[in-house]
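These notes concern the structure reproduced below.
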Amino acid sequence: MERYDVLVIGGGVVGSAIARELSRYQLKIGVLEKNPDVCLEMSGRNSAVLHGGFAYEVGTNKAALCVEGCLEFDDVASQLDFPFKRTGKVLVGNTKEEMESLKDTLRIGEINGAVGLEIIDEKRLKELVPTVEGTFALFSPMSGILDPFQYTIGLAENAVKNGVRYHLKREVIGIQRLDEGLYQLETSKETFLTKWVINAAGLGAVKISEMLGISGYKMGATRGHYIVLDKTVGPLLPMPVYPVPSTLYMGIHVTPTVEGNVTVGPDADRVTSLEDYGVEQRNMDYLVEDASTLWPNIHRKDFIRNYAGIQPTWLDREGPLKDFIIEAREDVPNTVNLIGIESPGLTAALPVARRAVKLLVDREKPEINPNFDPARKRMKPFAEATPEEQAALIKENADYGEIICRCESVTKAEVLNAIHNPLGVETMIGMKYRTRSMMGRCQGGYCQMRIAQLLQEEKGLEVTQVLYAREESELFTGRVR
Amino acid sequence: MNEIQKQVVIVGGGPAGLAAAVALYDLGIKDLLIVEREKNLGGILRQCIHDGFGLTRFNESLSGPEYAKRFIDEVKNRNIPVITETTVLEITKDHVVRAASRHGLHTWRADAIVLSMGCRERTRGALQIPGERPAGVYTAGVAQSYINLYNTMVGKAVVILGSGDIGLIMARRLTLEGAKVLGVFEILPYPSGLERNVEQCLNDFGIPLYLSHTVTKIHGGHRIQGVTVSRVDYNRKPIPGSDTYYPCDTLVLSVGLIPENELSKMAGVELDIRTSGPVVDASYQTSTPGIFAAGNVLHVHDLVDYVSLEAERLAKGVMDYLVHSYVDDSNVKVIAGKGITYVLPQHIGKKHAPLLSMRVKCPGENVQIVVQQGEEVLVSVEFDEALPAEMIQIPLELDKIQNNNPLEVFVR
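Next comes the structure, spelled out in structure tokens:
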């Protein structure tokens, strides 16, 4: 049985941030992730916005950690080398009530420590976003957009570089505390032993919490839907455009992606399943109708994909839980329990991780890892290189001259690099998140055959072993003959 | 970077590019280059191993690779330069073509450029079919490539959405390989593909075709488990209560093709929203002087034979441009009127007699297609049957055109 000092349950953005922050210390660290990759749930299925920190109640973890995460993000993005743009963001309104509401938001944001907030008039709004419909807005210059896949992968790869081991496709199904004080974690494959358990299971956090013996939390869920638009409309939207938030949720917004697409969404439908990412027709119709009042540039011809994300809602014994819980309970020793981690979890992942790690470090007092390297370098994407750089890349490695994905100009060098990723991910979606291949307007019509073939050749997979995204998502039934 | 001068660079070595190259060569333009991203010439024909190609052009029934080989041999016989495994990254307004291969970046400056990049398939994302996004959903061309080029079987119990020709061909192909094709569902009240394919690929194999039906939901979080199919009304809206669930492990989409014009746009080429291809004159010259387009990059064809013929006609236009610097000087607009989805060319000059290519909006018998300028009927042609699946071509003599007023093409 493999024994660890710390096992982190959940390899999403928060679990991976925790693993990475833990690797600053001399500890044997493992991550147990139930999916075949690290960004298949909340971390990858969201608006991909860096939040300014003005939308959360004063004094909460959410407010403090979001502001902290927002302000440090330039450094984080350059250290982990993933796409991020501090675009700014506007919350657009028209009515007197909305103006009052925005003034409140501004005031709360300033108390929270959000930087640079201002109410702007229509003229200024149109200068910032000429294509928007609205008469005034709250402008948050520190907000931004990021690649949530690359961010999560960057954290995970940096953790691996510093000695963390990832165990993918390992769903924790039972936790037992042994007499000698160790925890025994039973997974869908093998069983692990560990001194410390950190629950960063996201949508599975309540379940894991109960396995640890911490009860009293409950979770419900809504599903939010998104439509992805072609890059041709990207230039029309320089920054995320939100409506004035209601007390319930942020509202349907339009958001540019770092790569130049636009996403529209999300709505919020109450659901019972945490695994159904289906998108309904009426939701898509509603998204278009609702968002078009804000930004009238949404046309069917530009649709390239849709997706859905699960947004949890949390309860504790006292009622709705509106804050992040990061706790180390004395009655359940050697555990750090994270509950209620939702939006702005992407922005706040590292601050959340530092709080969680501090709880462990204060008790365990581990030695500093002198070899810790905070940097992770992404392979240079061909599409982002200048012609001179492209020529040099090809000269150095001829695989850079073989364009596999036409829409996004992804080369064989990048695909091979992704296939041999440090986490050992070998799904088609894993390649997509790592390279942007299959993400463009043809959605893999041209390149997916080559990528599936390379995966088989490089990984020695049988044709029937090639997975699309999750377990049991085989792409093929066999050879033709 | 070294810029190499060429008389004509042809972007894409599929049927259009090959035919254009041979025709240009035979007109005396020999400083040519075909740039092809794949290892072999032939384009999408390489994966079309069924027969039925060449009936118009060669009077015999060939497979896709055989049809392509006829042209590849002609290219080889003439020693027309070809560069394969080279992907064009950019075309500029002033005729610079930038490409990448394992040997490095290539830059050509051409007197004229032929766009022959073909088309891509409409995807599930473009259709926005509701439901989950499991494995096992393939566009027909992707399924065809996996089976015919990669020897990989995509599934065993198959539902096909859309009755485009590739979907029909794949219904037969999958059946021959032992899969059960449960049915082909078409949202329109008539088939999108050719009648002969409905006959030979579905009827001969007992595969049902359900018209006015569509897939309204995809089920399964991992591999697809099934689809919900609904009947649709005349507005193509699903009729409540008409749902049927089909368990399946594969959904094949044959829901349309889109001319691939990302490079054209970089070169400032104006596109027609109806064809998704360039706006051209009768010599197939686009809005960027010296850049020409033919084949599926211009508009989606029904038969490859017409792609070849169109590319051969284009060669005369390129020749004229190279020799006489001919750029369309007039602007007789051609308008798609009642009952016509689109018509090409979009405008006509004074020199090249147009071959009007068009599609009708809905099927009809004894259909009269009229080309009219003002009150004057220039041509009127009667067809026993006109189907949206089939391209219609009507030649027009230049001296029939009276003035600079627009022409309208419509169904009477």
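Going down the list, the sequences are from chains A and B. Residue 221 in my numbering is what sits at position 221 of the first sequence, and the numbering runs on without skipping anything. Residue 1060 in my numbering is what sits at position 60 of the second sequence, and the numbering runs on without skipping anything. Even glycine gets a Cβ: it sits at the ideal position worked out from N, Cα and C.
So residue i packs on residue j, CB below 8 Å; how close in whole Å?
| i | j | result |
| --- | --- | --- |
| A1112/B | V1008/B | 5 Å |
| P1015/B | F1058/B | So it is not a contact: roughly 13 Å between Cβ atoms. |
| L1041/B | G1013/B | 4 Å |
| G1114/B | A1267/B | It is worth fixing the name first, because residue 1114/B is Val in this sequence and not Gly. Not confirmed; about 12 Å, so no contact. |
| K25/A | L80/A | This sequence places Tyr at residue 25/A; Lys is not what is there. The Cβ separation is near 19 Å, so there is no contact. |
| I310/A | V264/A | 18 Å between Cβ atoms; not a contact. |
| V6/A | L32/A | 11 Å between Cβ atoms; not a contact. |
| D1302/B | P1345/B | Between P1345/B and D1302/B the Cβ distance is about 18 Å, and since that is not below 8 Å, they are no contact. |
| N306/A | G1125/B | 7 Å |
| G1317/B | S1283/B | 3 Å |
| F73/A | L50/A | 6 Å |
| K85/A | V258/A | 6 Å |
| Y277/A | A308/A | 5 Å |
| P36/A | E471/A | 6 Å |
Does the separation of the CB atoms of residue i and residue j fall below 8 Å?
| i | j | result |
| --- | --- | --- |
| M1117/B | E1260/B | yes |
| C66/A | A348/A | yes |
| L193/A | R3/A | yes |
| P1278/B | L1298/B | yes |
| I198/A | I9/A | yes |
| V14/A | I341/A | yes |
| G204/A | F136/A | no |
| C70/A | G53/A | yes |
| V1229/B | V1215/B | yes |
| G445/A | T1341/B | no |
| V244/A | S101/A | yes |
| V425/A | L454/A | no |
| I403/A | M431/A | no |
| A1386/B | I1394/B | no |
| V1300/B | I1369/B | no |
| A159/A | R378/A | no |
| I1207/B | T1175/B | yes |
| G1183/B | V1159/B | yes |
| V332/A | L212/A | yes |
| T335/A | V271/A | no |
| L315/A | K218/A | yes |
| E1060/B | G1052/B | no |
| L359/A | A328/A | yes |
| H1347/B | K1333/B | yes |
| V1371/B | L1398/B | no |
| L128/A | L91/A | no |
Comparing the C-beta of residue i with each C-beta of chain C, is any distance below 8 Å?
| i | result |
| --- | --- |
| F149/A | Absent from the structure is chain C; the protein chains it does hold are A and B. |
**Meets three-Cβ-pair contact criterion under 8 Å: the region 371–380 of chain A and the region 175–184 of chain A** = no
**Request:** Select from the region 1148–1169 of chain B all residues with a C-beta closer than 9 Å to any C-beta belonging to chain A, and list them in chain order.
**Result:** N1148, L1149, Y1150, N1151, T1152, M1153, V1154, G1155 and K1156
**Request:** Identify each residue in the region 1087–1103 of chain B for which the Cβ-Cβ distance to at least one residue of chain A is less than 8 Å, and report them in chain order.
**Result:** T1087, L1089, R1098, A1100, S1101, R1102 and H1103
**Message:** Going residue by residue through the region 414–481 of chain A, where are the continuous alpha helix (DSSP H) segments of at least 4 residues, counting only ones entirely within it?
**Reply:** 428–435 and 448–459
**Request:** Would you be able to state if there are at least three C-beta pairs under 8 Å between the region 1120–1137 of chain B and the region 1220–1236 of chain B?
**Result:** yes
**Prompt:** Along the region 371–392 of chain A, what residues have a CB closer than 7 Å to any CB found in chain B?
**Reply:** P387, Q390 and A391
**Request:** With 8 Å as the limit, tell me which residues of the region 1108–1126 of chain B have their beta carbon closer than that to any beta carbon of chain A; keep them in chain order.
**Result:** R1120, E1121, T1123, R1124, G1125 and A1126
**Request:** Using a Cβ-Cβ cut-off of less than 8 Å, list which residues of the region 1342–1354 of chain B approach chain A; keep chain order.
**Result:** none
**Request:** For the region 1022–1091 of chain B, list the beta strand (DSSP E) runs that are entirely contained and at least 3 residues long, ordered along the chain.
**Result:** 1032–1035 and 1087–1091
**Item:** Positions along the region 103–114 of chain A whose CB lies within less than 7 Å of some CB in chain B
**Value:** none
**Request:** Within the region 24–112 of chain A, note down every full beta strand (DSSP E) run reaching 3 residues or more, in order along the chain.
**Result:** 29–32 and 89–93
**Message:** Output needed in chain order: residues of the region 1233–1250 of chain B with a Cβ under 7 Å from some Cβ in chain A.
**Reply:** none
**Message:** Under 8 Å: do the region 1021–1035 of chain B and the region 1073–1081 of chain B share three or more Cβ pairs, one atom per stretch?
**Reply:** yes
**Message:** I'd like to know if the region 374–392 of chain A and the region 1099–1107 of chain B are in contact, where contact means that at least 3 CB-CB pairs between them fall below 8 Å.
**Reply:** yes
**Asked** Can at least three beta-carbon pairs, one atom from the region 1190–1210 of chain B and one from the region 1167–1179 of chain B, be found at a separation below 8 Å?
**Response** yes
**Prompt:** Okay, do the region 320–327 of chain A and the region 284–302 of chain A touch, 3+ Cβ pairs below 8 Å being the bar?
**Reply:** no
**Request:** May I ask you to verify whether the region 1141–1160 of chain B touches the region 1319–1330 of chain B, counting CB pairs closer than 8 Å and requiring at least 3?
**Result:** no
**Request:** With 8 Å as the limit, tell me which residues of the region 1038–1056 of chain B have their beta carbon closer than that to any beta carbon of chain A; keep them in chain order.
**Result:** none
**Request:** At 4 residues or longer, and completely inside the region 263–317 of chain A: list those alpha helix (DSSP H) runs for me, N to C.
**Result:** 281–292
**Request:** At 4 residues or longer, and completely inside the region 157–199 of chain A: list those alpha helix (DSSP H) runs for me, N to C.
**Result:** none
**Within 8 Å of chain B by C-beta, residues of the region 442–458 of chain A in sequence order** = C442, Q443, G444, G445, Y446, Q448, M449, A452 and Q453
**Message:** Three or more C-beta pairs under 8 Å: does that hold for the region 128–146 of chain A against the region 235–244 of chain A?
**Reply:** yes
**Prompt:** Can you list, in chain order, the stretches of the beta strand (DSSP E) that have 3 or more residues and sit fully within the region 195–235 of chain A?
**Reply:** 218–229
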